[in-house]
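A quick write-up on the structure given underneath.
In the numbering used here, the protein residues as written are 10 to 328.
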């Protein structure tokens, strides 16, 4: 089971809400999950949900609050990618218009409310939390721990985006609009704010689990980055040591016996200890010297060889 399903299962198991809060949750689940449409000139209220527990909660709540018969059945649709998505379809085929009026999908003039019913986002805090919970149960997404943190809700309209952001603001949370192609969404990316919103909606257990796994993933990622950094440094150091040894060997061939003893000793240490760092070479010198000193002697050895090579080349041209 995915963590997203765990979150939705926990939210769908909440039973201590007031009647007003339940109505707010039902309304936003229907608005974000489907809405109202005419089927053979009959208004049908429906919602397509990807989580079974959410669908079961919606069915039982509609029956409990208003007493309407509710259908719960499996449905599917094919995405543009060719993938088939399975849904639990909740539908009220009789008294659909009356339910739409009662739960805030239609106003008193029977005009469709394209956002969230004002009574729900302007009501008490329990209603606001329930509205966000209903929207998340219908169309909410949550990033896996260890990936870039993201909570988002795919919204049916621009009005619903604005209403959801307003509701978040009432809860002390900053959410932002986001557009992906033709889809409009509300998104939260700050991991601490995501954890806070999960708790506000009522997912206390899975909020801690998500946060714990996120921190664990970040720690592991940081350790991997440091290990890769150290490994890259080691490879660069080894490559530099090999190149330095080749240059010293060439200097010895150019200079022969005509090398100052201190420079010869430094060069020989490099040849004898090809993998050692400059600091280690300095400790191996007799007497021990600093890494700057050993580096300076090797540098002067190479400069001397270069100078002699140039002199020989110039003499050869004259002759």
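Idealized CB from N, CA, C, for every residue including glycine. These figures come from a predicted structure and were not determined experimentally.
Given a cut-off of 7 Å on the beta-carbon distance, is the pair residue 81 and residue 64 in contact? For residue 81 and residue 64, yes; Cβs fall inside 7 Å.
Output needed for residue 83: all residues of its chain with C-beta closer than 8 Å, excluding positions within five of it in sequence on either side, in chain order. Result list for residue 83: 95, 96, 97 and 98, in chain order.
How many angstroms separate the CA atom of residue 125 from the CA atom of residue 199? Taking the CA atoms as reference points, residue 125 sits about 25 Å from residue 199.
Do residue 308 and residue 272 come within 7 Å of each other at the CB atom, strictly closer than that value? No, the Cβ-Cβ distance between residue 272 and residue 308 is not below 7 Å.
Beta strand (DSSP E) containing residue 52: first to last residue? Counting along the chain, the beta strand (DSSP E) containing residue 52 begins and ends at 51-58.
Determine the burial state of residue 105: buried for a count of at least 16 other Cβ atoms within 10 Å of its Cβ, exposed for fewer. That one is buried.
Stretch-stretch touch, CB-based, cutoff 8 Å, three pairs: the region 165-175 with the region 114-134: As far as the Cβ criterion goes, the region 165-175 touches the region 114-134, which means the pair count is three or higher.
Which value, in whole angstroms, describes the spacing of the CA atoms of residue 285 and residue 279? For the pair residue 285 and residue 279, the Cα-to-Cα distance works out to about 8 Å.
As a quick exercise: from 144, 203 and 50, pick the residue whose alpha carbon is nearest that of residue 57. Residue 57 has its Cα closest to that of 144, out of 144, 203 and 50.
Taking the runs of the alpha helix (DSSP H) that are 4 residues or longer, which of them lie wholly in the region 154-230? Taken in chain order, the whole alpha helix (DSSP H) runs of length 4 or more contained in the region 154-230 are 167-179 and 200-210.
Just verifying my parser: in three-state terms, what is the DSSP assignment at residue 97? In the structure shown, residue 97 sits in a strand (DSSP, three-state: E or B).
I'd like the list of long-range same chain contacts for residue 187, defined as Cβ closer than 6 Å, with 5 residues on each side in sequence excluded. For residue 187, the CB contacts under 6 Å within the same chain, skipping 5 residues up- and downstream, are 194 and 196 in chain order.
How many angstroms separate the CA atom of residue 103 from the CA atom of residue 181? When rounded, the distance between both Cα atoms is 39 Å.
The region 33-50 / the region 108-117 touching (three or more Cβ pairs under 8 Å): Output reads yes: the region 108-117 touches the region 33-50.
Using only CA atoms, which one of 158, 295 and 92 lies nearest to residue 275? With distances taken between Cα atoms, residue 275 lies closest to 295.
Just mark residue 167 as buried or exposed, buried being the case when its beta carbon has 16 or more other beta carbons within 10 Å. Burial call: exposed.
May I ask you to report which of helix, strand or coil DSSP gives residue 87? Residue 87 falls in the strand class under three-state DSSP.
Candidates 304, 74 and 208: which alpha carbon is nearest residue 253's? Of the candidates 304, 74 and 208, the residue whose Cα lies closest to the Cα of residue 253 is 304.
Just confirm the distance between the C-beta atoms of residue 110 and residue 54, as a whole number of angstroms; I'd bet it's less than 8 Å. At roughly 10 Å, the Cβ-Cβ gap does not stay under 8 Å, so residue 110 and residue 54 are not in contact.
Option nearest residue 266 by Cα separation, candidates 314, 319, 192 and 256: It is 314 whose Cα lies nearest to the Cα of residue 266.
Bridge partner(s) assigned by DSSP for residue 103: In the DSSP secondary-structure assignment, residue 103 is not bridged to any residue.
Could you check the C-alpha separation between residue 134 and residue 179 for me, to the nearest Å? The straight-line gap separating the alpha-carbon atoms of residue 134 and residue 179 is approximately 8 Å.
I'd like the span of the beta strand (DSSP E) that includes residue 12, first residue to last. That residue, residue 12, is in no beta strand (DSSP E); its alpha helix (DSSP H) goes 12-21.
Cα-Cα separation, residue 204 to residue 289: The alpha-carbon separation between residue 204 and residue 289 amounts to approximately 49 Å.
What does DSSP give as the partner residues of residue 45 in its beta bridges? DSSP output for residue 45 lists 54 as bridge partner(s).
Checking 7 Å against the spacing of the C-beta atoms, do residue 20 and residue 221 come in under that value? Cβ distance not < 7 Å, so residue 20 and residue 221 don't count as in contact.
Using the C-alpha atoms, what's the distance from residue 206 back to residue 176? If you take the alpha carbons of residue 176 and residue 206, they lie about 12 Å apart.
Quick one: give me the first and last residue of the beta strand (DSSP E) that residue 291 is part of. No beta strand (DSSP E) contains residue 291, which is instead part of the alpha helix (DSSP H) from 287-293.
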